[in-house]
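Trainee: Handing you a structure now.
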């Protein structure tokens, strides 16, 4: 299936490059949407939407409207007519006309789009009861939000094949189940003698299990990855540091702090004596070691390691790289636990500044940063400013989830507590 998908996408790009499109056009697609998905769509007006599959759209509005109306009697679905405006001169994604390549007996003029085509949501309006029209515009290469999103994804999407890049893009967009499906499919088709690829895939699958808080399976796949690597690498090879680091994090989450420190320190020692150490890997190891000390409430040791990491990332990474923001956040949390609110605020504000310039506007990290800053202002008894930042966190949550999501309930409760203190 992976080869078919890649081939189809390449064919679309090849045909698109030869089409010579110059005129704007409007096409339509009618379908049913789950209620929960439509609510998310409504909250994202002026934002971006990506279709996760290859899909077609028709120039025939009435035909597409009829398709949409097929869901009217299904209480689990909302009938939606997508109206898509396309300017081929500035479009960021390829598309092709089906007029000359479709052989369906009832073929209507239409357009075929590749997977993950991105549109901007311009307007959502109700046509009649349970039937809505969503007006979209195919994004252009100068779309500011699209550029920021792509830059964020490209930091992760550096796999060797299209399927690897797709999986890493899914991870970057927090679609971890989709990423897991891709990696498991790759694992099934990888030859037993391709040790490097097998080790890498087990490592990525372990990471996904870790994100799902399934520590048992995460440890299992990290261990498999390490054992495969050790069939052709020495125990002190710098290429193993990432795996050592992740195993250390699992041990930390399981409360096995001494073992976690032992394996993390081993990985750091490998880098410290290497002739050409990976500076960013070293910074991450300092961060992870600091995290173990932080969990043990050893604030001095935690700060020392976090500061070592900050010195490295500020030297070797761009000014607004997310890892610099995350390091400031870790330092801020230690100061907050020490009730040193002034220093905590300095570092949380630096985190916020970086995240606002490097992450999508609704990224979950911003929720935590706004909440952390609210907590600092609460500690300083500056309740008005605490409320302002807690409200920003709640607003992002409302845009991302339904109103009954547990995290919204918790954060809304915290916001109400702050308002009562004002």
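Residue numbers (UniProt numbering): 1 to 422. C-beta atoms are modelled at their ideal positions from N, C-alpha and C, and glycine is treated no differently.
Do residue 381 and residue 351 come within 8 Å of each other at the CB atom, strictly closer than that value?
Mentor: Not closer than 8 Å, so no.
Trainee: Measure the alpha-carbon distance for residue 377 versus residue 353 and round it to whole angstroms.
Mentor: Approximately 17 Å between the Cα atoms of the pair.
Trainee: Identify the continuous alpha helix (DSSP H) that holds residue 262 and give its terminal residues.
Mentor: Looking at the DSSP string, the run of the alpha helix (DSSP H) that includes residue 262 is 257-273.
Trainee: Just confirm the distance between the C-beta atoms of residue 294 and residue 334, as a whole number of angstroms; I'd bet it's less than 8 Å.
Mentor: Correct: roughly 6 Å between the Cβ atoms.
Trainee: Since residue 28 sits in a beta bridge, which residues does DSSP pair it with?
Mentor: Paired residues: 58, 83.
Trainee: Helix, strand or coil for residue 187? Go by DSSP, reduced to three states.
Mentor: Of the three classes helix, strand and coil, the one that applies to residue 187 here is helix, per DSSP.
Trainee: Could you spell out where the beta strand (DSSP E) holding residue 121 opens and where it closes?
Mentor: Looking at the DSSP string, the run of the beta strand (DSSP E) that includes residue 121 is 117-128.
Trainee: My assumption, with CB atoms under 8 Å, is that residue 224 sits in contact with residue 200. Please give the rounded CB distance.
Mentor: That belief does not hold up - the Cβ atoms of residue 224 and residue 200 are roughly 11 Å apart, past 8 Å.
Trainee: Thinking just about the alpha-carbon of each residue, which of 87, 360, 175 is nearest to the one in residue 25?
Mentor: The shortest Cα separation from residue 25 among 87, 360, 175 belongs to 87.
Trainee: Who pairs with residue 276 in a beta bridge, going by DSSP?
Mentor: Note: residue 276 sits in no beta bridge, so no partner.
Trainee: Would you identify the three-state DSSP class for residue 48, choosing helix, strand or coil?
Mentor: Residue 48: strand per DSSP, three-state reduction.
Trainee: What does the alpha-carbon distance come out to for the pair residue 12 and residue 137?
Mentor: Reliability fails at residue 12, whose pLDDT of 32 lies under 50, so the model's placement of it is uncertain and the value that follows must be treated cautiously. Those two C-alpha atoms are separated by around 19 Å.
Trainee: What are the start and end residues of each continuous alpha helix (DSSP H) run of 4 or more residues lying completely inside the stretch 322-375, in chain order?
Mentor: You should have 322-337, 341-358.
Trainee: Ordered along the chain, which non-local residues of its own chain (more than five positions away) have a Cβ less than 7 Å from that of residue 365?
Mentor: So the qualifying residues of the chain are 355, 359.
Trainee: Got a sec? Which residues, its chain only, sit under 6 Å from residue 219 by beta carbon, not counting five neighbours each side?
Mentor: Answer for residue 219: 250, listed in chain order.
Trainee: Opposite residue 133 in the DSSP bridges: which residues?
Mentor: 81, 125.
Trainee: Can you list, in chain order, the residues of its chain whose CB lies under 7 Å from that of residue 243, leaving out five sequence neighbours each side?
Mentor: Counting only Cβ-Cβ distances below 7 Å, and skipping sequence neighbours, we find 203, 222, 225, 226, 229.
Trainee: When you compare only the Cα positions, how much space is there between residue 45 and residue 121?
Mentor: About 5 Å.
Trainee: Can you tell me which residues form a DSSP beta bridge with residue 33?
Mentor: Residue 33 is bridged to 78.
Trainee: Out of 28, 34, 36, which one is the CA nearest neighbour of residue 56?
Mentor: Nearest option by C-alpha distance: 28.
Trainee: Quick check on residue 411: does DSSP put it in helix, strand or coil?
Mentor: Three-state DSSP puts residue 411 in a helix.
Trainee: Rounded to the nearest angstrom, what separates residue 197 and residue 259 at their Cα positions?
Mentor: Distance between the alpha carbons of residue 197 and residue 259 is about 28 Å.
Trainee: Less than 7 Å between C-beta atoms, sequence neighbours within five positions excluded: which residues of the same chain meet that for residue 215?
Mentor: Once the five neighbours on either side are set aside, the close Cβ partners of residue 215 are 250, 253, 254.
Trainee: Which residues mark the beginning and the end of the alpha helix (DSSP H) in which residue 314 is found?
Mentor: Element bounds for residue 314: 299-316.
Trainee: How far does the alpha helix (DSSP H) with residue 244 in it extend, from its first residue to its last?
Mentor: Segment 241-253, the alpha helix (DSSP H) holding residue 244.
Trainee: In whole angstroms, give me the CA-to-CA distance for residue 261 and residue 271.
Mentor: Approximately 15 Å between the Cα atoms of the pair.
Trainee: Give every residue of the same chain whose Cβ lies closer than 6 Å to the Cβ of residue 399, excluding the five residues on either side of it in the sequence, and list them in chain order.
Mentor: Result list for residue 399: 43, 362, in chain order.
Trainee: Could you give the first and the last residue of the continuous alpha helix (DSSP H) run that contains residue 216?
Mentor: Taken as a continuous stretch (DSSP letters only), the alpha helix (DSSP H) holding residue 216 covers 215-229.
Trainee: To the nearest angstrom, report how far apart residue 341 and residue 212 are at their CA atoms.
Mentor: Cα-Cα distance, rounded: 32 Å.
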